[in-house]
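Working notes for the structure below.
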RNA sequence: GUCCCCUUCGUUUAGUGGUCUAGGACAUCGGGUUUUCAUCUCGACAACAGGGGUUCGAACCCCCUAGGGGAUGCCA
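Numbering (my numbering), first residue to last: 650 to 1129.
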């Protein structure tokens, strides 16, 4: 079994394509199949090398491994369509010679007019077959006029095309409804997707074409080409599309759609892969956070949903937070550090042991890796900024009482229990209770009214740092 | 317009003729834990698009309607 992912390098890898890649990858792993990566770069105007490079990077980041591709020859290359033009030419020459395709001299402008007219009169825009049977003289005349012909594929009338789709079931098209004779080679000699995809899939020995539903209506054209060329056709599986919350095809205006952006915002690839695979699929037990091995063993082409799914950014975040919390300490620590630097902290200036403890503690509060800076502030910033409400609290009677007794209390507690007893002893000394007790105690250590467990926080900081913080707040908000 | 696909809680799904007064997860709301926040935990809210058939019986099968999506390119 051989499957493929065939992106066109005209931009960043976005969620929709990533999903196609992920499903292909999971299915390939499940059946121990080859995954072929093919670059469909025949749109010369929009394709770029940079885009190809970034797509490859994003795929690797997602953990997708292809067995053959532009960087990995497996004997079926080249794997960029732009490097295969001579192959396609052989087949188009053959189709023309056999009368299955013909030169069309209609200009783009003329075709636009015909389309516009068809639209106005409420007809389907079907090519009228004007150039179907041109005489040698007529062709010569067009050539003399300087016209460059396209090559059109001759579509047989009233021909039934039946597709057995692994996801959609049986889908039937009639050749009369696919827009007439379609162009397979542009006037500049560059062949067109719907044509060469058939040749590549055959030559690359693809057995299963797993792709988005937006390709379903292209499939009859591709089947017609395959039939004309005498090719065997692959098995098809068309997946429902991913949509935004307005039920329109997912696009930029719905939020982040580029995989690169997910990476830079601090999503874990495992979480993204897990979430995306849950779009249009459910595990046997209903569990949603699954190891990739479990997804691979349970997911299959015939249990993918037929209907489009809305991408839920909130649920992805929830899942990401789960992955961050349960990740391996060493792994997540390494992943978190760059985000801490990005938040403006000089990592090398802190004691490694302290930093590790604080980071591994704080990760429990992160939904995204990029949240780490904000949660580490209480550990790394010894002179924290204080918001208005907290300032008021520290200036209040209770705040002042605590500021003035905290140093002495903390200094006199035993080493092994200073953190656990701190609040209790303050309570005894001051007679304060409830929020008036607890919040200033926290504020005098972290500068904040809310945060993780205070005793845990103090243990990570160490008594010395806690005392420093207290004296900082003491000088900042002196008893007046 | 035409062709094709789709339609279960707000979202994602389970469900393949009786076990469905329709199950899970996220979100939302409320309780507990945490003298904070988050986590965790318990609970509540909440759906078979509509109409016709078929059948003893329909979320499940058939038809129609409506809604949504995709395609209709010398894009892929």
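Glycine included, every Cβ here is placed at the ideal spot set by N, Cα and C.
Nothing here was measured: the structure is a model prediction, and the numbers come from that model.
Item, Value
"Is DSSP giving residue 658 helix, strand or coil here?", "coil"
"For residue 685, list the residues DSSP reports as bridge partners.", "653, 717"
"Within 10 angstroms of its Cβ, does residue 962 collect 16 or more other Cβ (buried), or is it exposed?", "exposed"
"Looking at the secondary structure, which residues open and close the beta strand (DSSP E) in which residue 823 lies?", "818-823"
"Can you grab the Cα-Cα spacing for the pair residue 770 / residue 871, in whole Å?", "29 Å"
"Taking the CB atoms as reference points, tell me whether residue 1052 and residue 1093 lie closer together than 7 Å.", "yes"
"Could you check which residue in 748, 731, 779 has the C-alpha nearest to that of residue 754?", "779"
"Taking residue 833 as part of the beta strand (DSSP E), name the residues at either end of that continuous run.", "831-834"
"Confirm, please, whether the CB-CB distance from residue 692 to residue 716 is below 7 Å.", "no"
"Note down, in chain order, each residue of its chain lying with its Cβ closer than 6 Å to the Cβ of residue 853, except the 5 sequence neighbours on either side.", "685, 725"
"In the DSSP assignment, find the alpha helix (DSSP H) that holds residue 1041 and state where it starts and stops.", "1037-1044"
"Bridge partners for residue 898 per DSSP, in chain order?", "892"
"Tell me the rounded alpha-carbon separation between residue 1050 and residue 1079.", "7 Å"
"Report the residue from 1025, 727, 793, 996 whose alpha carbon sits nearest the alpha carbon of residue 1009.", "1025"
"Ignore the nearest five residues each way along the sequence and tell me which others in residue 883's own chain have a CB closer than 7 Å to its CB.", "850, 855, 856, 857, 858"
"Would you check if the distance between the CB atom of residue 915 and the CB atom of residue 988 is smaller than 7 Å?", "yes"
"How would you label residue 672, buried or exposed, when you count the other beta carbons within 10 angstroms and need 16 or more for buried?", "buried"
"Look at the Cβ atom of residue 750, then the Cβ atom of residue 800, and state whether they are nearer than 7 Å.", "yes"
"Is the number of C-beta pairs between the segment 884-894 and the segment 948-964 that are closer than 8 Å three or more?", "yes"
"Can you tell me the Cα-Cα spacing of residue 768 and residue 828, whole angstroms?", "13 Å"
"So what does DSSP say about residue 864, is it helix, strand or coil?", "helix"
"Enumerate in chain order the residues of its own chain whose CB-to-CB distance from residue 745 is below 8 Å, with the five nearest sequence positions on each side excluded.", "751, 752, 800"
"Thinking residue 1089 and residue 1042 are a contact (beta carbons under 8 Å), I'd like their distance in whole angstroms, please.", "6 Å"
"Looking at the structure shown, is residue 1032 part of a helix, part of a strand, or coil, going by DSSP?", "coil"
"Going by other Cβ atoms of all chains shown within 10 Å of its Cβ, with 16 needed for buried, is residue 789 buried or exposed?", "exposed"
"Hey, out of 699, 785, 688, 840, whose CA is closest to residue 721's CA?", "688"
"Compare the Cα-Cα distances from residue 1098 to each of 922, 1087, 1106 and report the closest residue.", "1087"
"By the three-class DSSP mapping on this structure, what secondary structure does residue 880 have?", "coil"
"Among residues of its own chain, excluding the 5 on either side of residue 985, which ones have a beta-carbon nearer than 7 Å to its beta-carbon?", "1008, 1012, 1018, 1021"
"Shortest alpha-carbon distance to residue 869 belongs to which of 670, 809, 1102, 705?", "809"
"Thinking just about the alpha-carbon of each residue, which of 956, 934, 918 is nearest to the one in residue 976?", "918"
"Could you tell me whether the segment 732-739 touches the segment 827-844, where touching means 3 or more Cβ pairs closer than 8 Å?", "yes"
"Residue 811 by DSSP, collapsed to three states: which one?", "strand"
"Output needed for residue 1054: all residues of its chain with C-beta closer than 8 Å, excluding positions within five of it in sequence on either side, in chain order.", "1075, 1078, 1079"
"In the structure shown, what three-state DSSP assignment does residue 733 receive?", "coil"
"Where DSSP assigns a beta bridge to residue 859, which residues make up the other side?", "886"
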